[in-house]
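Quick note on numbering: my numbering labels position 272 of the sequence shown as 276, and the sequence is numbered without any gaps. Virtual Cβ for every residue (Gly too), placed ideally from N, Cα, C. If you're wondering where the values come from, they're calculated on a predicted model, not measured in any experiment. Below is one structure; the comments refer to it alone.
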Amino acid sequence: MRTPPRILAVDDNPTNLEILRVRLNAQGYEVVTAVDGEDALARARELEPDLVLLDVMMPKLDGISVLKLLKQDTKLRFVPVILVTAKADTRDIVQGLEAGGDDYLTKPYEQAALVARVRSLLRAKGLHDTVSQQATQLKEQTEQLSSWNRLLEERVATQLAEIERIGRLHRFLAPQVAQMIASSDAPEKVLESHRREVTVVFCDLRGFTAFTETSEPEEVMGVLHEYHESLGELIFRYEGTLDRFAGDGIMIIFNDPIPCADHTERAVHLALDMRGRVEALSKQWRRKGHTLGFGVGIAAGYATLGQIGFEQRREYTAIGSVINLASRLCDEARPGQIVVGQRAFSAVEQYVEAASIGELTLKGFAKPIAAYEILSWRDQPQSQPLPTTNPFG
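Next up, the structure:
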């Protein structure tokens, strides 16, 4: 409602209009006038008054007809209307109230009654406008809240997808590497099928098959848990890609999906540290009557890497002769031995103490393979490789 309230006075008698204007102006109201029914409709639609004083008996269009048309207009239907009659004719009053009138006055106007009725209906109009405004604000707030909820749902869905994606990556990547890939602009592209030079590490426990045949399942699971926990921490520390667990067998890839120039050095460092860890575990196992050794095979070469599987279950793996070579070299390793192929040895020869094993005839390879045993890293302190630089920016 306006301040001051706007009142439309409608009467075909100029004297009556002037009386209304003067009396209502004296009360601080803004008064506009109309001289007949058609003029009243036009002025009401143009000015949208806060209250209408409407004479019933008028030429062209009587007050009851004007009232009905006002109540059909969605913008004006809640504007209070006081009907003005020349005499207290009950039929006019009843007809007017049934058509939607809110109150009535009879001519000649009594000042007190006029002011009291105007004030009463303007209070009701003010309350209605307040409620309408609050309803509009509530609707806008509800729509805004709904929009925020949709945005929040989208963000939560995105975050859940991100968490799920990182969770899948965590199965075979070091946590910092998984996070790096998942936060890149095109993480799936990083994991698409591609060819790259890698260093592959295979390791397993010597005597594990015999151990499982003579031990309770709970004992076997306990040994595997200690073994996996101990080696898993080292694998992720050196940022290796964990390809698979197969019982006691573990396969680790370096230089993919995150490239690193020192991938063979990392692989040998890891192998030496793993050997030390398992030697410590073996002492505990021997006290329990379990005799288990540890062998490692390392090979360097080109492989094809990428995701395999289906929508609900995908794994990241490598395919190529370098994988088979690392596995066969691991098979040849005696307890405590780290056996590497020629290419891997050439990459670390200047850093390690090693011994030639000679040429091995390996299943799946037409020619004998030159192999070497890594004994230790040279005298300089064994520094841990630095984390890789993010290649995704």
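Might you give, ordered along the chain, the residues of its own chain that have their beta carbon closer than 7 Å to the beta carbon of Leu235, omitting 5 neighbours on each side? Ile254, Met278 and Arg281
Within the same chain, show all residues whose beta-carbon is closer than 7 Å to that of Leu118, passing over the 5 residues directly before and after it, in chain order. Arg27 and Leu109
Taking only runs of the alpha helix (DSSP H) that begin and end inside the region 310-390, which ones reach a length of at least 4 residues, in chain order? 325-336 and 346-352
Would you check if the region 255-272 and the region 236-243 touch, i.e. whether three or more CB-CB distances between them fall below 8 Å? yes
Is the separation between the beta-carbon of Leu87 and that of Val60 shorter than 8 Å? Yes. Within cutoff.
Who does Phe249 pair with in a DSSP beta bridge? Ile254
Using the beta-carbon count (16 or more within 10 Å), is Trp1 buried or exposed? Given that the chain is displayed from residue 5 to residue 397, the structure contains no residue 1 and the question cannot be resolved.
As assigned by DSSP and simplified to three states, the class of Gly130: helix
In this structure, does DSSP put Gly305 in helix, strand or coil? strand
Under the three-state reduction of DSSP, which class applies to Phe82: helix, strand or coil? coil
When the distance is taken between beta carbons, is Val160 closer than 8 Å to Val326? Result no, Cβ atoms of Val326 and Val160 do not sit closer than 8 Å.
C-alpha distance - Leu125 paired with Gln141, whole-angstrom precision: 24 Å
If you scan the region 26-78 from start to end, which runs of the alpha helix (DSSP H) of 4 or more residues do you find wholly inside it? 41-51 and 67-76
Is it buried or exposed for Pro9, if we count other Cβ within 10 angstroms and need 16 for buried? buried
In whole angstroms, give me the CA-to-CA distance for His229 and Gln163. 31 Å
Gly251 versus Gly211 - alpha carbon distance: 13 Å
CB of Ala307 within 8 Å of CB of Ala351, strictly: no
With H, G and I counted as helix, E and B as strand and the rest as coil, what does DSSP make of His267? helix
So the alpha helix (DSSP H) Tyr231 belongs to, where does it begin and stop? Pro221 to Arg241
To the nearest angstrom, how far is the alpha carbon of Val122 from that of Glu158? 53 Å
How would you call Lys79, buried or exposed, if buried means at least 16 neighbouring beta carbons within 10 angstroms? Flag for Lys79 reads exposed.
Range of the contiguous alpha helix (DSSP H) that encloses Arg95: Thr94 to Glu102
Could you check the C-alpha separation between Arg6 and Gln76 for me, to the nearest Å? 22 Å
Can you tell me the Cα-Cα spacing of Ile262 and Glu243, whole angstroms? 9 Å
Closest by C-alpha distance to Asn17, when choosing among Ala337, Pro112, Ala330 and Cys264: Pro112
Terminal residues of the continuous beta strand (DSSP E) containing Thr295? No beta strand (DSSP E) holds Thr295; DSSP gives it neither H nor E.
From Thr268 to Ala348, what does the alpha carbon distance come to, in whole angstroms? When rounded, the distance between both Cα atoms is 6 Å.
Just to confirm before moving on: does the CB-CB distance between Ala13 and Leu21 stay below 8 Å? yes
What residue range does the alpha helix (DSSP H) around Ala214 cover? Phe212 to Thr218
Please report the straight-line C-alpha distance between Val35 and Leu55, rounded to a whole angstrom. 10 Å
DSSP on Glu114, reduced to helix/strand/coil? coil
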